[in-house]
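Student:
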Amino acid sequence: MNQSSPSLAELSALTLIVSHRSFRKAADELGLSASTLSHMMRTLEANLGVRLLNRTTRSVAPTPAGQRLVSRVTPLLREFELALEEVNEFRDLPSGSLRISASEPAARILLEAVLPEFLTRFAQMSVDLVTDGRLVDIVGEGFDAGIRLGESVPQDMIAVRLGPPTRFITVASPKYLANHPAPLTPDDLQRHQCISIRMPSGKPYRWEFEKHGQSLTVSTTGNLTLDNVEIMADAAARGLGIAYVPEHTVARYLADKCLIKVLDDWCSPGAGLYLYYPGHRHVPGGLRAFIEVIREMVDVA
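Heads up: the sequence shown begins at 1 in the UniProt record's numbering, then just goes up one per residue.
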């Protein structure tokens, strides 16, 4: 029986399944149903005459043949993408998709200024903006770029500042402060209900302070832990404790006097947000255009 050569779509789908170890996640990324993707893989296996994936009700993993195939075709698929991108360089305007991993606050900044201008100016581009609390491997998970606080950007990446330094501040509601004397030093936080934020790794985030060259890191106490700074701000405004959040996140609460700064003289600006991307590979035209818009539209002073 003659083997039918696999298509690029089938090989790309196989690499995604192996990368995610999941039909569902790969199907979501491809815009297909899991059953359609499973049928595609069974057809590929039948045409090649070899099993590529071991399936259980809870997981999927490559067979030795599947792993070898994926390891050989992954560089080829990347070269194919680069070839198409190089052809794209001859277009007057870039086209295609741009996939970006960002924290929620970073996504909001993009929505305020950068994305409206970018999508208007480059109408043939589309943007897939994925908000996730965890720091992802943008190369391994197929992103063109990521956006995170400067201190979280991997050292082997090229970074472009997305805004001014980010200042984290401690805030509480008038209701809370009416019943609890305001802390005068970071050490006083040990006697307060502090609204903690849990990092994607599962570890609580330690609050950092600085004054006159003296730096302090505080492990806070409290009976409420959240994983979203917007919800933390709302919880603090409801009198549930003191929160440590980016200043721009609580600007409207401060203006409305729903929240009050505490330990303000201990809160110093940090690194700020950066867009970053790998410097060891070709930079797509769409990403270069996106960076140009960032530099035009975002105040980094």
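By construction, the Cβ of each residue, glycine as well, lies at the ideal position given by its N, Cα and C atoms.
Which ranges does the beta strand (DSSP E) cover as unbroken runs of at least 3 residues, wholly within the UniProt domain "HTH lysR-type" (6-63), from first to last along the chain?
Tutor: Whole beta strand (DSSP E) segments, 3+ residues: 53-55, 60-62.
Student: Quick check on this structure: which residue in S215, Y276, V262, G31 has the alpha carbon closest to the alpha carbon of D144?
Tutor: Comparing Cα positions, the closest option is Y276.
Student: Between the region 259-268 and the region 58-77, do at least 3 Cβ pairs fall closer than 8 Å?
Tutor: Not touching, per the Cβ criterion.
Student: Can you tell me the Cβ-Cβ gap for R198 and T225, rounded? I've got them flagged as a contact below 8 Å.
Tutor: Right, the Cβ-Cβ distance comes to about 5 Å (below 8 Å), so this counts as a contact.
Student: Between the alpha carbons of L48 and G66, how many angstroms are there, rounded?
Tutor: C-alpha separation (whole angstroms): 11 Å.
Student: Grouping DSSP H, G and I as helix and E and B as strand, with all else coil, what is A271?
Tutor: Coil at A271, not helix or strand.
Student: Straight-line CA distance for T15 to A289?
Tutor: In a straight line, the C-alpha of T15 is about 28 Å away from that of A289.
Student: Report yes if the CB atom of A113 is closer than 8 Å to the CB atom of A172, and no otherwise.
Tutor: No, the pair does not count as a contact, with Cβ atoms beyond the cut-off.
Student: Under the three-state reduction of DSSP, which class applies to A102: helix, strand or coil?
Tutor: Note: A102 maps to strand in three-state DSSP.
Student: Within a Cβ cutoff of 8 Å, which residues of the same chain sit near M1, ignoring the five residues on either side of it in sequence?
Tutor: In this prediction, M1 scores a pLDDT of 43, lower than 50, which makes its location untrustworthy; no coordinate-derived value is stated.
Student: Given T220, which residues of its chain have a CB within under 7 Å of its CB, disregarding the five upstream and five downstream residues?
Tutor: Excluding positions up to five away in sequence, the list reads L189, C194, S196, W207.
Student: What are the start and end residues of each continuous beta strand (DSSP E) run of 3 or more residues lying completely inside the region 154-223, in chain order?
Tutor: With a minimum length of 3 residues, the continuous beta strand (DSSP E) runs that stay inside the region 154-223 are 157-161, 168-172, 194-197, 207-211, 214-218.
Student: Terminal residues of the continuous beta strand (DSSP E) containing L149?
Tutor: 145-149 is the extent of the beta strand (DSSP E) around L149.
Student: Applying the criterion that 16 or more other CB atoms from any shown protein chain within 10 Å of the CB defines a buried residue, is S215 buried or exposed?
Tutor: Result: exposed.
Student: Have a look at A83, V153, G285, T185 and flag the residue whose alpha-carbon is nearest the alpha-carbon of S103.
Tutor: Among A83, V153, G285, T185, the Cα nearest to that of S103 is on V153.
Student: Use the C-beta contact count for E79: other C-beta atoms within 10 angstroms, 16 or more gives buried, fewer gives exposed.
Tutor: Exposed, because fewer than 16 other Cβ atoms sit within 10 Å of the Cβ of E79.
Student: Determine which residues share a DSSP beta bridge with V127 and list them.
Tutor: L98, per the DSSP bridge assignment.
Student: Spatial neighbours of L177 within its chain, please: C-beta separation below 7 Å, excluding the five flanking residues on both sides.
Tutor: Excluding residues within five positions, the ones whose Cβ falls inside 7 Å are I260.
Student: Between which residues of its own chain and V18 is the CB-CB distance below 6 Å, once the five residues before and five after are set aside?
Tutor: So the qualifying residues of the chain are P62, V70.
Student: From the DSSP output, read off the bridge partner residues of P278.
Tutor: BP columns for P278 point to M157.
Student: Is P183 near H192, with beta carbons less than 8 Å apart?
Tutor: Yes, the Cβ-Cβ distance between P183 and H192 is below 8 Å.
Student: Could you name the residues of the same chain whose beta carbon sits closer than 8 Å to that of L98, not counting the 5 residues immediately before and after it, in chain order?
Tutor: If we look at L98 and ignore the five residues flanking it on each side, its Cβ neighbours are M125, S126, V127, D128, D144, A145, P284, G286, L287, F290.
Student: Could you tell me if T249 is buried or exposed, where buried requires 16 or more neighbouring beta carbons within 10 angstroms of its beta carbon?
Tutor: Buried: at least 16 other Cβ atoms inside 10 Å.
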